Amino acid sequence: MGLFGKKNVKFSGWMGDLSEEQEDRLQEFKDIIQDENLTEDPRYDDHYLLRFLRARKFNIKKTLEMFKKFLEWRVENRADDAIWIDSCPSINKVKEFYEFAYHGVDREGRPFSIDKPCSFDIDEILEVSNRDELYAFYVKEYETTLHIRMPAASAAAGKKIEQTFNLISIKGFTMKKLRQKTRNFIKLAVNIGQDNYPEIMGKMLIVDSPLIFRGAWALISPFIDEKTRTKISILGGKYQKKLFEHVDPENVPSDLGGECTCSEDGGCYFSHKGPWNEYPADQFGEAAKEKLLEQKDKEEVKISSFHQRSQCDSEVGAGVPPLENNKEVSVNMINFDMEDNNPKEKTDDDHPSEQSMAPIKNKNKKKRASIFCCGKKKYESDDD
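With full-length UniProt numbering, letter number 112 in the sequence shown gets 112, and the count goes up by one each step, no holes.
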């Protein structure tokens with residue numbers, strides 16, 4: 001029997017659908033993590049580890065290399081805190097140009113992501129924000145999806161939800177929009193997902209694509225790994241029939257041909273519509289929140305990486321001072337400059353010392369999650 005099963009019998013590599021050899025590779029991976037004392041964080045269960053194994057086709061050496069870099073990246077970028085720190089105070093201004101949202105779920109119960117990258121000019125974005133805040137925003141979105149949206153979607157669906165359904169509308173696309181700064185922005189967003197959140201996307205529709213986009217796709221697609229590309233379908237302007245096969249029209253904004261307006265919640269791109277408004281965060285999201293609440297009353301809170309440019313004036317972030325005169329902020333193993341064609345490699349000196357990644361146990365009363373990502377409201381108490 002081969003890695004993916006007997007001839008004509010394919011195993012997906014997901015829990016409940018593993019070949020004997022895939023099960024052996026999973027156990028081997030877990031044994032190495034334990035033997036090398038890489039982490040004892042309970043979030044890295046079989047479901048989580050299998051995402052990395054699938055991304056590297058169950059090659060232990062490549063999977064281990066990827067996972068080690070991921071653990072280092074989490075420490076360096078304070079990813080455990082990303083959900084609750086107000087690391088992107090400009091995001092509401094950004095959304096005036098750039099329409100992006102998670103908006104309900106698809107027919108399989110997966111969080112439904114909508115992205116309109118052609119709704120903005122990169123110069124407009126950089127006038128109100130900067131690369132560090134944009135990087136922080138994407139990390140926050142991934143962490144929120146893993147520890148708030150997916151657990152809530154799982155609770156609502158009555159089954160484990162591990163992936164998202166994504167729609168990208170490129171209405172208004174021109175080759176002029178795909179200049180170097182824009183490509184660097186795409187690299188930044190894509191690399192965060194591919195390197196640190198593999199196998200999150202279940203399906204993607206790219207819609208409203210003109211014929212000229214085929215040439216642009218030749219420039220964009222090399223940034224995306226081969227397995228991810230197989231999950232992407234490119235459609236023109238008459239995409240609603242295909243979209244509605246995956247998503248109920250009531251969960252699709254009216255500007256995309258659906259029935260939803262979220263008129264009482266500031267519009268679909270600000271409403272945070274979905275089961276995550278009804279179900280609490282998982283234990284890791286709650287632990288991160290408790291940690292921030294414990295820190296908020298301290299006179300000084302040491303923050304690093306993409307949080308350095310932010311002043312958190314929300315309840316969770318209160319008391320975190322702005323760090324001024326930080327002209328260079330380390331944001332990743334490769335720091336993409338929006339105005340530089342070449343990524344700048346970081347040195348070992350840029351890495352902070354190792355710190356514990358074990359989640360903090362919840363204390364006192366249970367909180368109910370409310371994911372206004374960079375807005376004023378960070379949580380609600382059950383007894384408010």
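C-beta atoms are modelled at their ideal positions from N, C-alpha and C, and glycine is treated no differently.
Keep in mind that this is a model prediction, so the values were computed, not measured.
Measuring only the C-alpha atoms, how far is residue i from residue j?
| i | j | result |
| --- | --- | --- |
| Lys203 | Asn166 | 6 Å |
| Leu26 | Arg51 | 11 Å |
| Ser353 | Trp73 | Interpretation of Ser353 is limited by its pLDDT of 32, a score under 50 that renders its predicted location unreliable; the figure taken from the coordinates is listed afterwards. Those two C-alpha atoms are separated by around 12 Å. |
| Ile220 | Ala157 | 34 Å |
| Cys268 | Cys260 | 7 Å |
| Val190 | Tyr135 | 11 Å |
| Glu177 | Ser169 | The residue you asked about is not Glu; residue 177 is Lys in the sequence shown. When rounded, the distance between both Cα atoms is 14 Å. |
| Tyr98 | Thr182 | 13 Å |
| Ile60 | Glu28 | 8 Å |
| Thr174 | Gly236 | 14 Å |
| His103 | Tyr138 | 16 Å |
| Trp276 | Arg149 | 5 Å |
| Lys273 | Val128 | 26 Å |
| Glu226 | Cys262 | 36 Å |
| Ile212 | Met201 | 25 Å |
| Ser209 | Gly172 | 9 Å |
| Leu256 | Phe58 | 38 Å |
| Leu38 | Gln194 | 21 Å |
| Lys10 | Glu199 | 18 Å |
| Thr145 | Asp35 | 30 Å |
How far does the beta strand (DSSP E) with residue i in it reach, from first residue to last?
| i | result |
| --- | --- |
| Leu205 | 201-207 |
Please state whether DSSP places residue i in a helix, a strand or coil.
| i | result |
| --- | --- |
| Glu245 | helix |
| Ser271 | coil |
| Ile212 | coil |
| Asn326 | Reliability of the predicted coordinates at Asn326 is poor, the pLDDT of 30 falling under 50, and no value is obtained from them. |
| Ile148 | helix |
| Lys346 | Summary for Lys346: the model assigns pLDDT 38, below 50, so the residue's position carries little reliability; its value from the coordinates is reported in the next sentence. Here Lys346 sits in coil by DSSP. |
| residue 391 | A query on residue 391 cannot be resolved here, the shown segment of the chain reaching from 1 to 384 and no further. |
| Ala82 | coil |
| Glu141 | helix |
| Arg131 | helix |
| Glu96 | coil |
| Pro42 | coil |
| Ile224 | coil |
Using 10 angstroms around the beta-carbon of residue i, count the other beta-carbons present and answer buried if the total reaches 16, otherwise exposed.
| i | result |
| --- | --- |
| Asp17 | exposed |
| Ile161 | buried |
| Ile303 | Residue confidence for Ile303 is low, a pLDDT of 33 falling below 50, so the modelled location carries little weight and cannot support an answer. |
| Glu20 | exposed |
| Ile114 | buried |
| Gly317 | For Gly317, the predicted structure reports a pLDDT of 31, less than 50, and the residue's modelled location is therefore unreliable. A value from the coordinates is still provided. Result: buried. |
| Asp111 | The sequence given here has Pro at residue 111, not Asp. Under this definition Pro111 is a buried residue. |
| Ser271 | buried |
| Thr230 | exposed |
| residue 391 | The chain is shown from 1 up to 384; residue 391 falls before or after that span and cannot be answered. |
| Arg214 | exposed |
| Gly266 | exposed |
| Pro151 | buried |
| Gln163 | buried |
State the beta-bridge partners of residue i as determined by DSSP.
| i | result |
| --- | --- |
| Phe165 | Phe112, Lys203 |
| Tyr102 | Ser113 |
| Pro253 | Cys260 |
| Asp17 | Trp14 |
Ends of the alpha helix (DSSP H) at residue i?
| i | result |
| --- | --- |
| Gly193 | 180-196 |
| Tyr279 | No alpha helix (DSSP H) holds Tyr279; DSSP gives it neither H nor E. |
| Ile125 | 122-128 |
| Ile33 | 20-35 |
| Phe70 | 60-76 |
| Asp46 | 46-55 |
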